[in-house]
Amino acid sequence: MLFDCHTHTVHSDGKNTVSEMCMSAIEKGISGLTITDHADMNFYMERNTFRRIAASMESTAKAQESFGQNLKVLKGIELGEYTIAPRKAEEVLSIGGFDAVLCSVHFVPKAGWSLAYNRIDFQNCMTSAEELNEYIGLYFDLLDETVDAFDFDILAHIHCPVRYISGKWGRKSDIMIFEDKICRILEKIIKRNIALELNTVYLKDGEGQYNFSLDKILSLYKCLGGNMVTLGSDAHNRNNVARNFTEAAVLLKTCGFDSVYYFEDRIPKKIMI
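Structural data, given as structure tokens:
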């Protein structure tokens, strides 16, 4: 019985309510669900982030009462771009009561782009491999800086820009040319007992190969002594709850893992696979 540790609802940019996501989780046969609505610091005021996260927590508390006998429902947050506005980040974290805090970076201001990378047209921008690799390198530098900046439980989608560069726009890129940067980040989270997320949005490309070198990243994490991996569908609608979890379990076993984790009251809990 697996646990989906990364989902979004109408309280951020998701399409469904907390209750609808919970009903989908029950239908998919997983054991639990963590609601982790976005708190992106570059949109903090524009999106009324504090109020939205407070509302997400309230809705999740109600879902715990409604679904408690059939599904473990936990309160979480995906906090992005902490280093852009640390005071605002701490303000939203002060809501408290989170079971899991996810860390992510969706926006690379040092690269000179005012857009989050999910909004960049990578077919017509950064047309040379050098430009593209410079952008990805700056992403890892910022992620490294962000990992050092605050207290969190799960490092979300370490490969995320490539998810769009390759998965959405079809640009070829070898993320492992940044192995030294990836390794440094992994060593830091291992030392701090932070989990690595296996984000299951894309697991295979059109040729049936594992995309974005996720197998290599997981194997590197394992080799460095890492053992805590969480599964996150990153679902923004009810249909995508627990997506590709069967394939994810196979990938994890191939890389030497026999368990996954979720966080409750910010304490890691193990589930065998």
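The opening position of the sequence shown corresponds to residue 11 in this note's numbering, with each subsequent residue numbered one higher.
Even for Gly, the Cβ is constructed at its ideal location relative to N, Cα and C.
- Rounded to the nearest angstrom, the gap between the Cα atoms of G236 and D190 is 16 Å.
- In this structure, the alpha-carbon of V111 lies about 33 Å from that of C135.
- At a cut-off of 4 residues, the continuous stretches assigned as alpha helix (DSSP H) that sit fully inside the segment 234 to 281 are 255 to 264.
- As computed with DSSP, G42 is found in a beta bridge with F13 and K82.
- Note: S114 is bridge-paired with G90 in the DSSP secondary-structure output.
- When C-alpha distances from D47 are compared across Q133, L142, I187 and A166, the shortest belongs to A166.
- Excluding the 5 residues flanking it on each side, A245 has same chain C-beta neighbours closer than 6 Å at T17 and V251, in chain order.
- Taking A95 as the centre and dropping the five residues before and after it, the same chain places the C-beta of M51 and Y54 closer than 7 Å to its C-beta, in chain order.
- Beta-bridge annotation (DSSP): L153 is not paired with any residue.
- Contact check for V102 against A49 passes: the beta carbons are separated by less than 8 Å.
- Of all alpha-carbon atoms in N58, E37, F60 and E68, the one lying nearest the alpha-carbon of I45 is that of E68.
- Check the Cα spacing between S176 and each of S223, L208, D161 and T156: the tightest is with S223.
- Residue state for A205 is assigned as strand, using DSSP reduced to three classes.
- Counting of Cβ neighbours within 10 angstroms places V260 among the exposed residues, the total staying below 16.
- Around the beta-carbon of R62, 16 or more other beta-carbon atoms lie within 10 Å, marking it buried.
- If you draw a straight line from the Cα of V239 to the Cα of C170, it is about 16 Å long.
- By the criterion of a C-beta distance shorter than 7 Å, F188 is surrounded in its chain by I146, G147 and F150, once the five residues flanking it on both sides are discounted.
- Per the coordinates, the alpha-carbon of E88 lies some 25 Å from the alpha-carbon of K226.
- Ranking E257, W123 and L196 by CA distance to the CA of L213 puts E257 first.
- Taking all protein chains in view, the Cβ of C15 is crowded by 16 or more other Cβ atoms within 10 Å, so the residue is classified as buried.
- For F13, the closest C-alpha among the options L208, R57 and D131 is that of L208.
- In the structure shown, L165 adopts extended strand secondary structure according to DSSP, grouped into three states.
- The three-state secondary structure of D190, taken from DSSP, is helix.
- A straight line joining the alpha-carbon of D158 with that of N203 spans about 13 Å.
- Bounds of any alpha helix (DSSP H) do not take in I105, whose DSSP letter is neither H nor E.
- Between A73 and V118, the CB-CB gap reaches or exceeds 8 Å.
- Of the residues F267, R276 and E141, the one whose Cα lies closest to the Cα of I283 is F267.
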